[in-house]
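Peer 1: Let me begin by handing over the structure; questions about it come next.
Numbering (the working numbering), first residue to last: 495 to 897.
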């Protein structure tokens, strides 16, 4: 069905699902496709021989896409992920995790491995606000002295900034289980756990993840009420470093890459900023989907010369360990860019898998492909670490970062 008027009718219907997958008859890589991407539409991966692009977007953003006048075809409407799974759609599997199951999994690991694993309420720990829908964000802390705040290097692995990327929490759960179950039997891994405080957060977008399971399988953002019938901010465009400066982003509240009304406007972003400033992470991997790529800073402007060699060195290690390719970021205002710029963390984004909705077997296979990279990041030796204090006051010195 060719659309223009039909798109507007779809957008106006109160009964229709919130998102639609649409084919747009412009060539991948063309000026028209680039224009749409820069205007805040998320272009989905398509086969190499494709002569058109595909866009998944909320129904409130359909009129904006139609206004460009390109021929379009509606391919599919979204449904709750639970419904898709129950009806056998896309060979999905109920073993993927919703928010409650993730929290229970962390409690189960705490029970099984109490000496090294503890679920931490990061919202409470940082004093940050709960999410729009009142949820807290949790992480599993893994360390030999898990009940103490030891003077050790802190490392962060975090998944699911984007709600529909359901393979990323699964990667984080498998990584938690691997670390805990091999402690004491794998000498090298045991030493790494003894030497680090490891934090693993399977989802940083609990409201969005629940929306994917219960309402809209393709939902990407959080669940802020923007007014006018639009919802959500792209959490990975909302961070303080170079917010809304370059790349694929939008100031339109209906866009899937909406940057938010102001920098760090979202409770999820505020929680991570407080968490990063308190823990001073030395190493960070932010897991996204999809593309099988390692992304490194910066999106606009070049890396400081003094840091470039080290950033590229570790990027190459991660690429080699997972057999991934590499590229620069999609936009500014992303989480790992902020971790690098303000905290000084050696921070990367990994785009795992080749689809948002893999089978369970495919997702497990992809995790096994990525696990050497996760371990390589943990094992990498930091050239210099320690504390710097003001000789006059005795207070810690906070670094000054120049963008």
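We put the beta carbon where it would ideally sit given N, CA and C, even for glycine.
#1: Using a Cβ-Cβ cutoff of less than 7 Å, which residues in the same chain neighbour residue 627 once the five nearest sequence positions on both sides are dropped?
#2: Consult DSSP for residue 736 and reduce its assignment to one of helix, strand or coil.
#3: Any idea what DSSP makes of residue 821, helix, strand or coil?
#4: What is the DSSP secondary structure of residue 829, counted as helix, strand or coil?
#5: Less than 8 Å between the CB atoms is what I'm expecting for residue 784 and residue 845, so what's the real figure, rounded?
#6: Within the chosen definition, does the region 790-807 reach the region 830-840 through at least 3 CB pairs nearer than 8 Å?
#7: Give me the Cα-Cα distance between residue 715 and residue 573, rounded to the nearest whole angstrom.
#8: Within a Cβ cutoff of 6 Å, which residues of the same chain sit near residue 516, ignoring the five residues on either side of it in sequence?
#9: Just how far apart, CA to CA, sit residue 514 and residue 571?
#10: Alpha carbon to alpha carbon, what distance is there between residue 887 and residue 536?
#11: If you follow the alpha helix (DSSP H) that residue 676 is in, where does it begin and where does it stop?
#12: What residue from 707, 588, 685 and 703 has the CA that sits closest to residue 873's CA?
#13: Buried or exposed: residue 763, going by 16 or more other Cβ atoms within 10 Å of its Cβ?
#14: Tell me the DSSP secondary structure of residue 786 in three-state form.
#15: Would you give the residue range spanned by the beta strand (DSSP E) that residue 631 belongs to?
#16: Less than 8 Å between the beta carbons of residue 561 and residue 748, yes or no?
#17: Between which two residues does the alpha helix (DSSP H) harbouring residue 799 extend?
#18: Determine the direct distance from the alpha carbon of residue 804 to that of residue 711, and round the result to whole angstroms.
#19: Flag this pair as yes or no: are the beta carbons of residue 750 and residue 843 separated by less than 8 Å?
#20: How many Å lie between residue 637 and residue 666 at the Cα?
#21: What is the rounded straight-line gap between the Cα of residue 809 and the Cα of residue 786?
#22: Are there 16 or more other CB atoms within 10 angstroms of the CB of residue 876, so buried, or fewer, so exposed?
#23: With a threshold of 6 Å on Cβ separation, who are the neighbours of residue 498 within its own chain once the five nearest residues in sequence on each side are excluded?
#24: Measuring alpha carbon to alpha carbon, tell me which residue in 734, 732 and 668 is nearest residue 855.
#25: Give a yes or no on contact between the region 811-828 and the region 736-745, applying the rule of three or more CB pairs nearer than 8 Å.
#26: For residue 598, count neighbouring Cβ atoms within 10 angstroms of its own Cβ and tell me buried if that reaches 16, exposed if not.
#27: Give the single residue among 605, 652, 547 and 531 whose Cα lies nearest to the Cα of residue 765.
#28: Given residue 500, which residues of its chain have a CB within under 6 Å of its CB, disregarding the five upstream and five downstream residues?
#29: Which same chain residues end up closer than 6 Å to residue 592 when comparing Cβ atoms and leaving out the 5 residues on each side of it in sequence?
#30: On the DSSP bridge list, what partners appear for residue 837?
#31: Compare the beta carbon distance of residue 777 and residue 670 with 8 Å and say whether it is the shorter of the two.
#32: By the three-class DSSP mapping on this structure, what secondary structure does residue 720 have?
#33: Between which two residues does the alpha helix (DSSP H) holding residue 656 run?
#34: Rounded to whole angstroms, what's the CA-CA distance from residue 693 to residue 521? Just pull it up for me.
Peer 2: Reading from the atomic positions:
#1: 701 and 717
#2: coil
#3: strand
#4: helix
#5: 6 Å
#6: yes
#7: 16 Å
#8: 549, 566 and 568
#9: 4 Å
#10: 50 Å
#11: 661-676
#12: 685
#13: buried
#14: coil
#15: Unbroken run through residue 631: none, as it is neither H nor E.
#16: no
#17: 799-816
#18: 39 Å
#19: no
#20: 16 Å
#21: 13 Å
#22: exposed
#23: Residue placement at residue 498 is flagged as unreliable, the pLDDT there being 41, under the threshold of 50; the coordinate-derived value follows with that caveat. Correct list, in chain order: 560.
#24: 668
#25: yes
#26: exposed
#27: 652
#28: Reliability of the predicted coordinates at residue 500 is poor, the pLDDT of 43 falling under 50, and the value obtained from them is presented with this limitation in mind. So no residue of the chain qualifies.
#29: 707
#30: Note: residue 837 sits in no beta bridge, so no partner.
#31: no
#32: strand
#33: No alpha helix (DSSP H) holds residue 656; DSSP gives it neither H nor E.
#34: 42 Å
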